[in-house]
Every structure is written in C-alpha cells, then in structure tokens.
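Working notes for the structure below.
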Amino acid sequence: MISFAASASNMENDTVEQARASNMEEDKASSPNKGKFIDVGNASEIEMAKDILEKLDTEVSLMSFQQNGTESRRSECCIYRVPKPLRNVNWKAYAPLLISIGPLHRENKRLEAMEKEKRKYFKKLTERDGMDEKKIIKNQEERLRYCYSEKFKKIESDDFVEMILLDAVFIIQFFLESNDEKGPKNFKPRMTFDIREDLMLLENQLPLFIIEKIYDRVSYHSSDNKHKSFLDLARCYLKEYLHLQVVETSPGVEVETSPGVEVETSPDVETETSSDLETETSSDVEGSRHSTDLLRNLMLDVETETSSDLETETSSDVEKETSPDVKKEPRHLTDLLRNMMLSTAIQRTYSPDLVKLKYSAIMLHKAGVRFQVTRDKCVVNITFDRGVLKIPQLEVDHCFERLVRNIMAMEQCLYEGEAYICSYIKFMDHLIDSAEDVGLLVENGIILHRLGDDAAVSNMINNLCKNIGDNDTCFGSDSDIDYKDINNACTTNTERDDKLSASNKGKDIA
1 MISFAASASN
11 MENDTVEQAR
21 ASNMEEDKAS
31 SPNKGKFIDV
41 GNASEIEMAK
51 DILEKLDTEV
61 SLMSFQQNGT
71 ESRRSECCIY
81 RVPKPLRNVN
91 WKAYAPLLIS
101 IGPLHRENKR
111 LEAMEKEKRK
121 YFKKLTERDG
131 MDEKKIIKNQ
141 EERLRYCYSE
151 KFKKIESDDF
161 VEMILLDAVF
171 IIQFFLESND
181 EKGPKNFKPR
191 MTFDIREDLM
201 LLENQLPLFI
211 IEKIYDRVSY
221 HSSDNKHKSF
231 LDLARCYLKE
241 YLHLQVVETS
251 PGVEVETSPG
261 VEVETSPDVE
271 TETSSDLETE
281 TSSDVEGSRH
291 STDLLRNLML
301 DVETETSSDL
311 ETETSSDVEK
321 ETSPDVKKEP
331 RHLTDLLRNM
341 MLSTAIQRTY
351 SPDLVKLKYS
361 AIMLHKAGVR
371 FQVTRDKCVV
381 NITFDRGVLK
391 IPQLEVDHCF
401 ERLVRNIMAM
411 EQCLYEGEAY
421 ICSYIKFMDH
431 LIDSAEDVGL
441 LVENGIILHR
451 LGDDAAVSNM
461 INNLCKNIGD
471 NDTCFGSDSD
481 IDYKDINNAC
491 TTNTERDDKL
501 SASNKGKDIA
C-alpha cells in the first residue's frame, strides 16, 4: 500500500517536471530562433516551482485536516470569547480600543476608522509584490473558521477571506514597522501603544499559521526583510512585554540567582551571588541555527531541575513532574506571549490540590519566614526551602492587568489543566491581603510597581482572581512550593512564639 505522503511527493515531482517541460516548449515556440534550445532562466523556473509546491502543500494540509474529521476540527479551536464570569469583573480588559482583528469584534462601529489604515497597508503590500494572497486564505477557509469558538455563518466567504487578509497584512506590516528604529509611520505614539495592546487580546486574534503563510509569501518577494520567519519577527516585537522578567534591585535587597540565567545588574548592587552575574544564555540558545530555531529553543529551555542550593524535600520526585507544555506550536499571539513567559519554567506537577496558602506576607514574616527576590526570568519559578520563600520579581504597571487577564482567560479556555499563570496569580492573591503585604514585598524587591500606592496593587491582584477556581494548581503537594510546608512553618513558629510568650508571662508573675 502506498502511503499518502509518498503519493503526494511523487505527484509533486511529476507536476514540477511537467511544468518545467511545458515552460520550455512555450519559450521555444515564441523564440525567433526556432529549433534551438533556449534556457528559460532560473528566476522564472524557481517562481513557477514555488507556486506549484505551495498549491500542493495547501491541498495536502487541507486533505489531512478533512480526513481527521470531527476530532481534528475540534482541536483546531483556539480563539474564544472570554467567559462571562470573567468578563463581568472587568469587561474593558478584553475589549479592543482601536482595532478589530478577526471576526469577534468585526461589527463594532467604534473600530471602523482603522479599516482605512488596514487597506493602506494592504495597498502598499500588493503594489510591492503584485501577488494574490486571497487564494492562500480561500484554500484554508474551512480550517480558519474552525479555529474560532463561534461559527460566524452570517459572514460570507468572500468577506471572511478579505477580513483575514487585511488583518494578517496589517499585523505583518505593523510588526515590521514597530521593529524599525522609527516605529510605525502612520500612528502617533499613543495610538501605537493602544494598537499594541489590542493585538494581545484573546478575542482579537488570527491563527498564527495563516499569518505565517502570508508572511512567507511576502518575504519571498522582499529583498529588504531581515526577519527569516514571522515567529522571529513576532518574538522581537513581543520582547517589549517581557519587562515583567527584568529584575531591578536596590542596595540592601537580598537577591538569589538561578543558574544559567542571563541577568542585568547594577554595580551598586552587591549580593552573595555576584560571581554568578556573568552567566550567559544557555548553549542551546546560542547554538540556534536560525531565528525560528532560536525561538523554539527559548520555548523549550525548561529548567529540568533546581540548583543545588534550592533542593527541597521533593527533589527526588523530579521524574513525576511535568512542565508547561511550551513544546506545542503557539496558536496565536496571546498564546505565543504565554509561551515566552513560561519558557524557563521549573518543572512542576499540575494536579488538583485543595490546600490553600493560609497566611499573608505580613503574617508569614512575623512567623519568621524570610522573603528573597530571585533573578529568575520566569515569574512562576517560586520555591520554599529552609524557611526562605524565593520569588522572582514582578513588575506591575498600568498595562499589567489587561495583559494578565487575557492570558488567564486563555488558560481557562485552552489550558484548563495547565493554567500556570492562573496558579501564579492565585498564589500572589493568597500572599497579598492588604497594602501592608504589598509594602513588605516591595521592601524585599519582589514587587516593583508604578501604580502610585501599594493599595492599588493589592486591589488589582485580589480582583484578578475573581471567578478563577482554586481546584487546580501547579503549587501543590508534589511541588517544591508546597502550601502545606509554608502553612506548617508559619503555624509551628507561631505556636513556639506563643509558648515562649506564655512562659515569659509566667516568669514575670513569679
């Protein structure tokens, strides 16, 4: 029995040869030098072969998608409308301000002004390469529609194809201009900022695969494009959001450094681990063959074990642990951003665990628990060992809530069993009950914020967790941040202090 892949390969070779022969015959017939062999030229031949291969690739992927049936179509779904319980807490966090991407906000009259800008970008693209990208989208329309949780039957095929094309071209062009020193040409800084925020919203997404297909076609005809893939371009763009991972400390703040993590430091900051501050990025990243490979290595750069000074009682359970599944290809930009945030996450078991952190930061501090900021670049890499709670620094600004809410909403829909960002925010919610708790974390360098006062941070963190369930967490009984251990440490120290206080009172009475 001949495999489908083999048949496709043979058909591909035969088609290329037929096209090549046909092209030669046409050139012979039109030449004044009849009877003589004339080379058609490498450029024309390569262009024709590329078109044929692209059509074959489309047909093969579509046939595979259709053959896999209902289950495959269900697995394609990755772009959702935010669940009502989450939306009701703060609907503005999920609503685009300036631009609609995809079908979910297509009918919003308030966003219509940006449609003119999309057409300007599209005109610039088509004038440059003269290609018909609509065919690419038309061939993928069925798969594209299954990527959305809603059917959108009222959107006609031609309108759907045009919408996807205009949005994809806008994203590509906007990213290219954003990575240029001068920035986007058609927008003022405030508009650029709002568009950047809108492109990260869960409801404002296109499937990455279709943007990649358009980008590959465009970049093939562009000689000035320095980005080898769309993921490379997107990664450069999304690095702006990874300010959450930059650690800034003040003199006197105790800092712990994780091995193999590149850090930025000030000469004014002196710590016991200063000798480790010259570490470079991992060899896997340095050895990346190209930019796409670099992103893949960053996404797969998962810490399989903690450093020797971070070993805990559960270190023997490493084989039972699992890590965030960042090996999966990201489905859209919100998904890609989450993958980048979790790219160096410590492996943990993600399982149902009803144990909660009982004590706030102030209560833990009074019970003798020490807080230590780490230079780890992944916010979920929290550890507790020998009475020391080690937490990566969290930078909170006015963009933070909108960004995190959309990632949390995506996890509730797409990563129900791996909601690592939700688990992290839940942990911070348990740790923070008041402005005093935030103040303690700020004092220890764990929180850096620009919201004006500590109470604003406390209110934001507490509100983020409304209508987010407690049932599943990556900080559980099989983790190196077991809530039971922290609770027990606090309870034991409190009981000891109570006994000591009672004993002292007895002595005073005597």
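With the first letter of the sequence shown counted as 1, position 382 gets the number 382 in the working numbering; the numbers rise by one all the way through.
Idealized CB from N, CA, C, for every residue including glycine.
Quick caveat: nothing in here was measured; it's all calculated off a predicted structure.
Assigned secondary structure, residue i (DSSP; H/G/I helix, E/B strand, else coil)
{"i": "LYS134", "result": "helix"}
{"i": "TYR241", "result": "helix"}
{"i": "GLU142", "result": "helix"}
{"i": "GLN205", "result": "coil"}
{"i": "GLU127", "result": "helix"}
{"i": "ASP497", "result": "Low per-residue confidence applies at ASP497: pLDDT is 48, beneath 50, and the placement is therefore not dependable enough to give any value."}
{"i": "VAL380", "result": "coil"}
{"i": "ILE468", "result": "coil"}
{"i": "ASP453", "result": "coil"}
{"i": "ARG235", "result": "helix"}
{"i": "ASP433", "result": "coil"}
{"i": "MET200", "result": "coil"}
{"i": "ALA93", "result": "helix"}
{"i": "PRO330", "result": "coil"}
{"i": "CYS422", "result": "helix"}
{"i": "ILE101", "result": "coil"}
{"i": "ARG106", "result": "coil"}
{"i": "LYS188", "result": "coil"}
{"i": "ASP180", "result": "coil"}
{"i": "GLY417", "result": "coil"}
Cα-Cα separation between residue i and residue j, rounded to whole angstroms
{"i": "THR395", "j": "ARG402", "result": "Residue 395 is actually Glu in this sequence, not Thr. Straight-line Cα distance between these residues: approximately 14 angstroms."}
{"i": "LYS138", "j": "TYR215", "result": "16 angstroms"}
{"i": "ILE432", "j": "ILE461", "result": "8 angstroms"}
{"i": "ARG217", "j": "ARG74", "result": "28 angstroms"}
{"i": "LEU202", "j": "GLU133", "result": "25 angstroms"}
{"i": "TYR94", "j": "TYR80", "result": "11 angstroms"}
{"i": "GLU127", "j": "VAL82", "result": "38 angstroms"}
{"i": "TRP91", "j": "LYS84", "result": "9 angstroms"}
{"i": "GLU248", "j": "GLY445", "result": "Its pLDDT being 47, under 50, GLU248 is placed unreliably in this model, and the coordinates cannot settle the point."}
{"i": "HIS332", "j": "ASP385", "result": "37 angstroms"}
{"i": "VAL161", "j": "ARG110", "result": "22 angstroms"}
{"i": "LYS228", "j": "LEU414", "result": "29 angstroms"}
{"i": "CYS422", "j": "ILE172", "result": "30 angstroms"}
{"i": "GLN372", "j": "GLN140", "result": "51 angstroms"}
{"i": "GLU76", "j": "PHE209", "result": "11 angstroms"}
{"i": "SER219", "j": "PHE170", "result": "14 angstroms"}
{"i": "MET340", "j": "CYS378", "result": "9 angstroms"}
Status (buried if at least 16 other CB within 10 Å, exposed otherwise) for residue i
{"i": "HIS105", "result": "buried"}
{"i": "LYS390", "result": "buried"}
{"i": "ASN488", "result": "exposed"}
{"i": "VAL318", "result": "Its pLDDT being 33, under 50, VAL318 is placed unreliably in this model, and the value from its coordinates should be taken loosely. Exposed, because fewer than 16 other Cβ atoms sit within 10 Å of the Cβ of VAL318."}
{"i": "ARG348", "result": "buried"}
{"i": "ARG196", "result": "buried"}
{"i": "PRO330", "result": "buried"}
{"i": "SER157", "result": "exposed"}
{"i": "ASP429", "result": "buried"}
{"i": "PRO392", "result": "buried"}
{"i": "ALA113", "result": "exposed"}
{"i": "ASP180", "result": "exposed"}
{"i": "PRO189", "result": "exposed"}
{"i": "ASP159", "result": "exposed"}
Own chain, CB closer than 8 angstroms to residue i, minus 5 neighbours either side, in chain order
{"i": "ASN108", "result": "PRO96 and SER100"}
{"i": "THR192", "result": "SER178, GLY183 and PRO184"}
{"i": "ILE425", "result": "VAL404, MET408, ILE461, LEU464, CYS465 and ILE468"}
{"i": "LYS151", "result": "ARG145"}
{"i": "THR334", "result": "MET200, LEU201, LEU202, GLN205, ASN406, ILE407 and MET410"}
{"i": "LYS120", "result": "ASN186"}
{"i": "LEU165", "result": "PHE122, GLU133, LYS134, ILE137 and ILE214"}
Residues near residue i in its chain [Cβ-Cβ closer than 7 angstroms; skip 5 each side]
{"i": "LYS213", "result": "ILE136"}
{"i": "ASP521", "result": "It is not possible to answer for residue 521, since the shown part of the chain is limited to 1 through 510."}
{"i": "GLY387", "result": "GLY368, VAL369, ARG370 and ALA489"}
{"i": "PRO103", "result": "TYR148, PHE152, ILE155 and MET163"}
{"i": "VAL89", "result": "ASN463, LYS466 and ASN467"}
Chain-order list of residues whose beta-carbon lies under 6 angstroms from that of residue i (same chain, five-residue window excluded)
{"i": "LEU176", "result": "none"}
{"i": "LEU86", "result": "ALA409 and ASN467"}
{"i": "LEU490", "result": "For the sequence presented, residue 490 should be read as Cys rather than Leu. If we look at CYS490 and ignore the five residues flanking it on each side, its Cβ neighbours are TYR359, LEU364 and ALA367."}
{"i": "ASP397", "result": "ARG450"}
{"i": "ASP167", "result": "ILE101 and LEU206"}
Identity of the residues DSSP links to residue i by a beta bridge
{"i": "PHE371", "result": "LEU389"}
{"i": "THR344", "result": "THR344 is not bridged to any residue."}
{"i": "ILE447", "result": "LEU394"}
{"i": "ILE79", "result": "TYR148"}
Contact test: residue i Cβ vs the ligand SAH heavy atom, cutoff 7 angstroms
{"i": "LEU201", "result": "Of the ligands one can find in the structure shown there are none, so the ligand SAH has no counterpart to examine."}
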